[in-house]
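Chemist: Residue numbers (the numbering used here): 4 to 129.
We put the beta carbon where it would ideally sit given N, CA and C, even for glycine.
#1: Looking at the structure shown, is residue 42 part of a helix, part of a strand, or coil, going by DSSP?
#2: Alpha carbon to alpha carbon, how far is residue 89 from residue 114? Give it in angstroms, no decimals.
#3: Okay, do the region 25 to 38 and the region 90 to 102 touch, 3+ Cβ pairs below 8 Å being the bar?
#4: For residue 72, name the three-state secondary structure that DSSP assigns.
#5: Looking at the unbroken beta strand (DSSP E) that takes in residue 84, where does it start and where does it end?
#6: Could you check the C-alpha separation between residue 35 and residue 87 for me, to the nearest Å?
#7: To which residues does DSSP link residue 50 through a beta bridge?
#8: Using a Cβ-Cβ cut-off of 6 Å (strictly less than) and excluding sequence neighbours within five positions of residue 26, which residues of its own chain qualify?
What follows is the structure, given as structure tokens:
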């Protein structure tokens, strides 16, 4: 009797699918589309993680003309954004949201990799 099985490259177990690198909430997609169509026409949002704040890392967002070498291109809800290659492991599975209140508005990151945040919320650690 001949049996067959699908094995991963390592030959020991099936491949496990990773979550998407990043995804956009509906409100983040609306706001990003608005920015792409107005103030930042012809540009794309690039997300990176920098060393700053009390907890060590902070999200950094810049509008750029195009990708730099090694950037990951993320497409969600018909929109494109870039992720710096050094930030990829910090951001796997992250949802970018846009929140508005009477006092502030802005993009926020719901990152399952975060282990903690500083008191002011500026930085995080994994």
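Modeler: The structure says:
#1: For this step, residue 42 is matched to residue 39 along the chain shown. Coil, per DSSP.
#2: To locate residue 114, count along the chain shown from 1; it is residue 111. To locate residue 89, count along the chain shown from 1; it is residue 86. Their Cα atoms are separated by approximately 16 Å.
#3: Yes, they touch.
#4: For the purposes of this step, residue 72 is taken as the residue at position 69 of the chain shown. Residue 72: coil per DSSP, three-state reduction.
#5: Locating residue 84 in the chain shown gives position 81, counting from the first residue. Segment 82 to 86, the beta strand (DSSP E) holding residue 84.
#6: Locating residue 35 in the chain shown gives position 32, counting from the first residue. Locating residue 87 in the chain shown gives position 84, counting from the first residue. If I take the Cα positions, the gap works out to 18 Å.
#7: Residue 50 sits at position 47 when you count from the first residue of the chain shown. Its beta-bridge partners are 64, 86.
#8: Within the chain shown, residue 26 is the residue found at index 23, counting from 1. Cβ within range, chain order: 79, 98.
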